[in-house]
Amino acid sequence: MRTSAPSRTSRAFMDGPAMQAVCQMAVQSLLKQEEAFLASIAHINKIILQPLLQAVPDDAKGKDLKKLLQLLNEKYCALWDWTEENFKTLKQNFSQSEPSLSIDHIYIIPKRERILELYIQYFTSFTNFVVVQGFDRAAKLTSAHWKTHKKTLKPFLADCRGEPTIPIILHRVLHEPFRNHIDEYSLLLTKTSETIGKSMEKMQMTEALNQFVKLQSYISQALDEASQTKILWTSLGNKFVLSLCNPERRLIEDSNNVPVLMSTGRSERILLFDDILVLLQGYEVQNFDLKTVWVDSTQPEKLASDTHSLRIITPEEEVFLFAKEPEQKVLWLWKLNQVIRQRLEGQRDFPLWSKNEEAINPPTSRFSTYTFRSEGRFKNATYEGDLSWGNPHGQGTLKWPDGRNHVGDFKMGKEDGFGICLVPSSSEDGYDCYKCHWREGQMEGYGICEYSNERVFKGYFKDNLRHGFGVLETAVTDEHPFKYTGHWESDKRKGYGVLDNSERGERYIGMWQDDNRHGPGIMVMQSGACYQGYFHMNKMLGPGVLISEDDSLYEGEFTEELLLTGRGKLTFQNGFTLEGTFSKNSEIGLQTQGVLNTASNLEDYRTTRQIQLGADEIPVEKRWQGIYDQFQWFINSGCREGTEEFYLGFHVQTSKELRKSQEYLFCQRENEEFSGKIQDVLKDIWKFQDPDQLQCYLEKAFKSSVHPFGKLLKTLVGVFQATYSGLGASKHLLDMAQEEVKYHADRIWGFYRDLLNVASLRESQEILRTEKQEQRDLLDMPASRKTTELPENKETEESAILSSSSFILPLILPRFYPELSMLYLVYHEREDALYWQGIVHLGFFSDIKLLEFLDVQKHFWPLKDISLTTNQRLSLVRDRCFLSATECLQKIITTVDPREKLDILLKTYKEIETTVSRVVGKAYSLSMDDLLPLLVYVVSRARIQHLGAEIHLIRDLMDPENVGGMYDFMLTALESCYEYIQNEQSKSSQVP
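Under UniProt numbering, think of the first position of the sequence shown as 1, with each following residue one higher.
Written out as structure tokens, the structure is:
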């Protein structure tokens with residue numbers, strides 16, 4: 001019984017003797033075909049191919065032709081050898097294992113891929129020979145040979161009509177046997193598959209048959225293309241043939257066959273090859289590599305509506321093709337797109353043209369190489385990279401013949417994004433290397449530039465010029481080493497900046513204009529002297545203040561060389577003052593006429609020493625605006641994703657190759673908790689609004705190398721170090737420094753609030769979109785379930801009262817602390833020296849003697865805390881009383897946070913009260929009179945060095961909300977103890 005699907009019984013039958021019989025017949029037929037084919041090609045090789053190879057000369061006329069003929073012979077022999085090898089194997093298997101033959105023995109089925117490859121290679125070499133008129137030229141070169149061997153050609157003329165020429169005979173003989181053999185393969189597979197019902201073997205045969213049918217189409221199309229191309233070369237002039245003809249190139253379409261016209265209106269011819277598009281205008285030839293050709297079929301508005309146009313786009317020009325009929329436009333559009341796609345893929349389709357398969361258009365974005373020739377910035381440059389609609393777009397590399405090259409991101413034909421540009425130096429050997437952000441072909445945004453003279457600039461650019469904040473530094477080995485940290489405008493220093501002149505050992509802190517020191521400024525010398533005054537185009541002129549290394553102070557007029565001239569007042573270290581007119585004499589030095597005042601007092605002396613520079617003359621809000629501006633612009637732009645690198649510096653590289661070659665540009669980000677993407681930052685800021693969570697989040701953000709706050713803080717710390725470390729560690733700059741730290745905290749807090757507003761706006765937009773979707777969903781929901789929930793207000797009362805002093809300052813202070821604490825140390829060096837003498841003096845006292853010396857009431861003495869050994873006396877034991885309070889106070893140097901320091905001070909007070917309460921046997925609150933002597937005792941035993949610097953740092957940086965409270969009370973008490981101990985060196989006579 002026959003069914004649409006074979007039963008197991010019928011399938012088993014087909015797999016058995018019947019299938020073997022079918023395979024036996026197929027193998028037997030294949031053996032006969034292969035035997036006849038091998039005999040035919042062996043005869044052709046002997047009679048035609050080998051004599052032809054020997055007859056074509058190796059001289060200048062036949063050299064190129066001989067190479068093509070040798071390649072044809074190579075592919076001929078390869079196909080011959082392969083067929084012969086399989087024939088022998090098939091014949092052996094047929095004679096030895098005839099009863100067990102299977103479909104695998106029909107080798108053209110399992111080995112069809114190799115057969116297809118060999119035939120494609122042969123016909124490619126054959127058509128290459130045809131294209132260059134190889135048989136015509138070979139016939140001419142070997143005409144003498146064929147005249148003497150006419151008999152050898154007679155067997156090949158039997159079925160020829162008329163009087164065939166030698167070129168026609170050679171053409172037929174070297175391709176028809178192979179073409180016919182493929183036809184025999186197809187016929188064999190067709191007959192064999194017809195005898196088999198539905199089975200796996202039939203599927204295999206059908207698949208193989210389809211491949212050979214496609215090969216037939218390929219051979220036919222390849223021969224037609226070669227014939228049309230040959231005809232084209234014979235019809236064109238020698239000039240065109242010499243410039244365009246090569247054996248591998250094939251003509252795809254000709255405007256003489258399918259008419260199209262160019263927009264010029266001139267007489268022209270348009271030729272489409274498989275690799276180039278050629279425009280012939282008179283004697284001019286213009287060709288375009290198809291890898292860099294795009295075809296736009298949309299109708300431009302400026303053209304008439306009844307035209308059928310195609311816009312041909314290349315990297316440097318556009319050409320319009322016009323067809324009279326829509327069918328002509330469709331044909332050219334289809335062929336152009338398919339040939340461009342095949343050109344990009346690096347291989348032709350198989351078969352070459354197939355209308356049954358869906359046509360796939362070439363990608364608009366592609367990787368290619370192009371050399372610019374037109375006038376412009378890219379003239380003579382070779383671009384290799386991503387292109388889109390004729391423009392460099394994506395990642396790529398530009399290389400000029402003079403050594404310039406640019407590698408990076410492009411957008412619509414211009415450098416846009418991150419890029420590295422190398423420019424040969426005009427004055428020295430080497431290159432200037434620009435690693436920057438680019439916008440519309442110009443450097444704009446953050447960049448790092450390494451110049452051939454070993455100078456390095458890190459900062460911001462605009463319109464290819466240094467603009468905004470930046471740092472320019474020379475190499476240590478430079479003849480005139482320096483480092484400038486500050487602001488730029490149009491490639492010149494302008495605004496606030498700091499210049500370190502290593503050669504002269506001085507630092508300038510102040511204003512600039514047109515690359516010159518101009519306006520209020522401070523000079524700090526290596527000797528320790530400081531000058532504050534006004535500069536005019538790099539010259540120090542007019543009134544100013546000079547503090548020498550011994551703290552002598554001059555206030556008056558100056559010259560460019562910091563010489564005292566004109567009216568002024570000189571205050572010496574001992575407090576004496578000299579006021580009058582100063583001048584310089586080349587023979588005797590400085591001269592003055594004035595009044596010397598020897599009436600000195602300590603208060604005047606201290607006032608002179610404590611003079612601070614810069615705070616009033618250079619307001620803190622004018623110092624680093626270039627840094628803040630970048631951040632503010634980013635926020636004002638709406639924190640657009642993809643621009644954070646442009647505004648805030650590097651954190652993610654767009655190319656792995658660039659990252660490998662410039663690894664030092666990027667921070668090490670092992671275990672990085674943040675992605676650095678602004679959308680993630682805004683989500684976190686919206687998410688972590690609870691004070692405790694926010695504090696933890698910001699603490700991590702400030703330590704991050706990719707978070708915007710981490711980058712901002714890193715830059716601020718860098719300029720702080722550039723200003724106040726080394727030469728800048730001058731006690732006269734303390735007010736400037738601590739003022740800057742507090743200002744940084746205020747600005748960062750403001751930026752946080754701005755980012756929170758942006759995050760809130762985006763969250764509101766998201767909620768609105770969600771609500772609209774929910775409203776659409778509610779239309780289909782029962783009325784009883786329709787409820788409205790308001791979004792949760794995440795702004796708590798507790799977060800609303802946060803401030804920069806209480807929240808941001810403690811988080812950022814550790815980064816500024818090393819330089820800031822050094823300034824406090826040098827500022828309070830004398831007071832701390834006096835204090836330490838008092839500590840040493842009080843350290844000689846035993847606990848009992850010290851408590852008695854400080855007039856501590858005896859009923860507060862914790863004598864029970866003193867445990868004695870047999871050889872100790874109570875009156876000699878030290879460091880036993882109020883031990884818990886002493887150890888608590890010593891922790892004040894373990895933190896940099898003023899708030900935590902105040903907490904430790906308050907805990908110290910509570911420890912003192914706890915000890916007193918235990919001694920008196922009841923809860924006891926200490927009055928100020930009782931507390932001060934006890935606190936002096938604890939401070940003297942704690943032995944905290946540089947306590948004055950610690951106290952003043954706390955006082956300057958503490959939260960203003962703590963002024964007048966308990967913290968302020970305890971800090972005032974500690975200040976009183978500090979002053980008391982300072983004066984104790986005068987009581988040395990009372991040392992026991």
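Each residue gets a CB set at the ideal place from its N, CA and C atoms; glycine is no exception.
Three-way DSSP call (helix, strand, coil) for residue i in this model
{"i": "Glu440", "result": "coil"}
{"i": "Arg504", "result": "coil"}
{"i": "Lys198", "result": "coil"}
{"i": "Cys433", "result": "strand"}
{"i": "Glu789", "result": "Here the model assigns Glu789 a pLDDT of 42, short of 50, so the residue's position is not dependable and the matter cannot be decided."}
{"i": "Cys639", "result": "coil"}
{"i": "Gly470", "result": "strand"}
{"i": "Ser465", "result": "Correcting the residue type first, residue 465 is Leu in the shown sequence and not Ser. If DSSP states are grouped into helix, strand and coil, Leu465 belongs with the strands."}
{"i": "Glu617", "result": "coil"}
{"i": "Met540", "result": "strand"}
{"i": "Arg172", "result": "helix"}
{"i": "Gln612", "result": "coil"}
{"i": "Tyr218", "result": "helix"}
{"i": "Arg114", "result": "helix"}
{"i": "Glu184", "result": "helix"}
{"i": "Ser368", "result": "strand"}
{"i": "Met262", "result": "strand"}
{"i": "Glu579", "result": "strand"}
{"i": "Ser661", "result": "Low local confidence applies: a pLDDT of 41 at Ser661 is under 50, so the model's placement there is unreliable, with the coordinate-based value given in what follows. Residue state, collapsed to three classes: helix."}
{"i": "Arg269", "result": "strand"}
{"i": "Gly528", "result": "coil"}
{"i": "Asn337", "result": "helix"}
Nearest to residue i (by Cα), restricted to the options the options
{"i": "Glu440", "options": "Gln526, His393, Gly542 and Ile618", "result": "His393"}
{"i": "Gln945", "options": "Trp836, Phe558 and Leu71", "result": "Trp836"}
{"i": "Asp879", "options": "Ile892, Leu863, Lys891 and Ile893", "result": "Leu863"}
{"i": "Gln246", "options": "Ile270, Ala138, Leu174 and Thr127", "result": "Residue identity check: residue 246 is Asn in the sequence provided, not Gln. Comparing Cα positions, the closest option is Thr127."}
{"i": "His145", "options": "Met200, Lys191, Leu49 and Ala78", "result": "Leu49"}
{"i": "Val648", "options": "Phe631, Ile848 and Asn464", "result": "For the record, residue 648 in the displayed sequence is Leu; it is not Val. Closest by alpha carbon: Phe631."}
{"i": "Val719", "options": "Ala737, Val706 and Phe709", "result": "Ala737"}
{"i": "Cys77", "options": "Ser125, Val456 and Thr192", "result": "Ser125"}
{"i": "Ser452", "options": "Asp754, Tyr431 and Pro326", "result": "Tyr431"}
{"i": "Met200", "options": "Ser102, Val620, Thr915 and Lys239", "result": "Ser102"}
{"i": "Pro520", "options": "Met540, Gly528, Ser846 and Gln526", "result": "Met540"}
{"i": "Trp488", "options": "Pro481, Leu499, Glu479 and His480", "result": "Leu499"}
{"i": "Thr598", "options": "Phe860, Glu579 and Leu694", "result": "Glu579"}
{"i": "Leu820", "options": "Trp749, Gly728 and Ser867", "result": "Gly728"}
{"i": "Glu318", "options": "Gln347, Met262, Arg343 and Trp334", "result": "Met262"}
{"i": "Gly376", "options": "Gly413, Val407 and Asn361", "result": "Gly413"}
{"i": "Gly575", "options": "Asp551, Gly594, Gly676 and Asn757", "result": "Asp551"}
{"i": "residue 994", "options": "Gly62, Asn45, Asp104 and Lys63", "result": "Outside the displayed span of the chain (1 to 992) sits residue 994, for which this structure offers no information."}
Supposed close pair residue i, residue j - CB separation, criterion 8 Å
{"i": "Ile313", "j": "Asp296", "result": "6 Å"}
{"i": "Arg623", "j": "Glu740", "result": "7 Å"}
{"i": "Leu244", "j": "Glu225", "result": "Between Glu225 and Leu244 the Cβ distance is about 15 Å, and since that is not below 8 Å, they are no contact."}
{"i": "Phe634", "j": "Glu641", "result": "Actually they do not touch by this definition, with Cβ atoms about 11 Å apart."}
{"i": "Glu444", "j": "Phe461", "result": "6 Å"}
Residue interval of the beta strand (DSSP E) (run including residue i)
{"i": "residue 993", "result": "A question about residue 993 goes unanswered here, because the residues of the chain that appear run from 1 up to 992."}
{"i": "Met523", "result": "Asn516 to Met525"}
{"i": "Val319", "result": "Glu318 to Ala323"}
{"i": "Lys714", "result": "First-last for Lys714: Pro708 to Tyr724, but that is the alpha helix (DSSP H), not the beta strand (DSSP E)."}
Residue i: CB within 6 Å of a non-hydrogen atom of the ligand ADP
{"i": "Lys46", "result": "Ligands displayed in this structure: none; no statement on the ligand ADP is therefore possible."}
Run of the alpha helix (DSSP H) containing residue i, from where it starts to where it stops
{"i": "Glu384", "result": "Per DSSP, Glu384 belongs to no alpha helix (DSSP H); it is in the beta strand (DSSP E), Thr382 to Ser388."}
{"i": "His841", "result": "Glu829 to Gly843"}
Proximity test, Cβ basis, 7 Å: residue i and chain B
{"i": "Phe378", "result": "Of the chains in the structure shown, none is chain B; there is only one protein chain."}
Three or more C-beta pairs below 8 Å linking the segment 380-396 and the segment 362-372: yes
Query - Inter-stretch contact (C-beta, 8 Å, three-pair minimum) for the segment 192-200 and the segment 18-26 - result: yes
- Pair every Cβ in the segment 942-961 with every Cβ in the segment 975-986, then say whether three or more of these pairs are closer than 8 Å. yes
Looking at C-beta atoms only, is the number of pairs between the segment 826-834 and the segment 803-815 that lie closer than 8 Å three or more? no
ask   = Is the segment 204-224 touching the segment 59-77 in the sense that three or more CB pairs, one from each, lie closer than 8 Å?
value = no
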